[in-house]
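Working notes for the structure below.
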């Protein structure tokens, strides 16, 4: 597995999904090129931003590509959109501005904001402005509420709605929303509650956990994806690690001590190791390539080789406190509304020591209640199937997200597939005819032709 893949895993947090698996290019297509960044009339865009109520211009960063300006912003949002008395928090946004008359792409991360000024595929294709929204309770966008009581899909959707309403004063043209993985899920949830905020949505690799805690779909997928030989090699590697768990857990502990990390949230390095091993198939197939299959450790692998492979595949830093504490909101969400997947364990049953180790409760402090709302995801699914219009879903056929994928039934909506693609599938990876169709649809939604 490449170093790039490993970095993607580590920054995607405990989901095993990235906040955004969206490709970019050095410059937009000629039909969407923008020569200079401009604002309405003669008003400088920085001044226009400062004039928006509730918005704070934190910083203009000097790292944008030609034709763009990059701003870091803070927007005062209600903690509870139904109760003004609950107070406010500042939500982190970033803006890549090119011209007020251009389309605008609303980019949902589902997690923390990424300050690298990278345009999504829709923004590149359309030569658009891009407004990134950090999800509430992640990164710098943290209400004071210690129990995450207002971390719901509806509250987040209302955050996005207020963002669109405010920034339409600066960008009156067509809006397109997009996101990858959990960011894609967030984009769908926004459309469910505010379907007319944008002209269309491009959703990358977003799972649809409509069956709540019925994990059979994920288990079936993981038991059939790839070749029998590849699955057997993964199972053998998992067993080899747990058979040498004392050695590998000691290495894990030594790494934590050397980096100043701890395992207080999960409980121990041994439990964290077991969680990583359990998650191996899910995370492997999210990013796996034929080269990665060939690199699965065989029977003669040393403890060091097994440890390195596990770290490359499952991202061991994800389960230690420094990283894991940043993603308590994610585990809270999947334990209360989003649902989750399970992993095949029959081949490991005699080696497991921590029942339910990979469940959300392992990452959410005991004083924070987890009460699962079984109505949330079926409601989203019904809307997508019956009413969701102008939704374009993109999946790779080898990505575990397809075990429960969205099935849109509304007008001008469809699913496109990247054969053999994984969780990083992009429009650019589609078969030529599908790619052309998708790009033409996006351009049409944005009113560019």
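Numbering (mature numbering (1 follows the signal peptide of the UniProt record, and there is no 0)), first residue to last: -32 to -1, 1 to 417. Where a beta carbon is used, it is the ideal one built from N, C-alpha and C, also for glycine.
Assuming residue i and residue j form a contact by the criterion Cβ under 8 Å, report the distance between their Cβ atoms to the nearest whole angstrom.
i	j	result
residue 98	residue 135	Incorrect: roughly 11 Å between the Cβ atoms, too far for contact.
residue 304	residue 338	6 Å
residue 52	residue 414	In fact, because the Cβ distance is near 35 Å, the residues do not count as touching under 8 Å.
residue 64	residue 32	6 Å
residue 410	residue 132	About 18 Å separates the two Cβ atoms, so there is no contact after all.
residue 360	residue 168	7 Å
residue 366	residue 256	7 Å
Kindly indicate which three-state DSSP category residue i falls into: helix, strand or coil?
i	result
residue 418	No information on residue 418 is available, as it lies outside the stretch -32 to 417 that the chain covers here.
residue 42	strand
residue 203	helix
residue 303	helix
residue 246	helix
residue 75	strand
residue 330	helix
residue 87	coil
residue 98	strand
residue 120	coil
residue 145	strand
If you follow the alpha helix (DSSP H) that residue i is in, where does it begin and where does it stop?
i	result
residue 158	150 to 161
residue 407	400 to 413
residue 186	184 to 190
residue 17	13 to 18
From residue i to residue j, what distance separates their C-alpha atoms?
i	j	result
residue 428	residue 388	In this structure the chain extends from -32 to 417, so residue 428 is not present and cannot be described.
residue 93	residue 371	29 Å
residue 56	residue 47	5 Å
residue 214	residue 274	13 Å
residue 291	residue 285	6 Å
residue 325	residue 368	20 Å
residue 198	residue 62	41 Å
residue -6	residue 262	Its pLDDT being 30, under 50, residue -6 is placed unreliably in this model, and the coordinates cannot settle the point.
residue 398	residue 258	18 Å
residue 54	residue 120	15 Å
residue 364	residue 221	36 Å
residue 264	residue 205	7 Å
residue 295	residue 248	19 Å
residue 226	residue 159	45 Å
Compare the C-alpha of residue i against each of the options and name the closest.
i	options	result
residue 142	79, 128, 82, 69	69
residue 88	79, 80, 102, 73	73
residue 231	276, 331, 353	331
residue 241	250, 228, 227, 218	218
residue 407	128, 155, 95	95
residue 20	30, 37, 42, 27	42
residue 80	104, 202, 175, 200	104
At which residues does the beta strand (DSSP E) containing residue i begin and terminate?
i	result
residue 374	That residue, residue 374, is in no beta strand (DSSP E); it is neither H nor E in DSSP.
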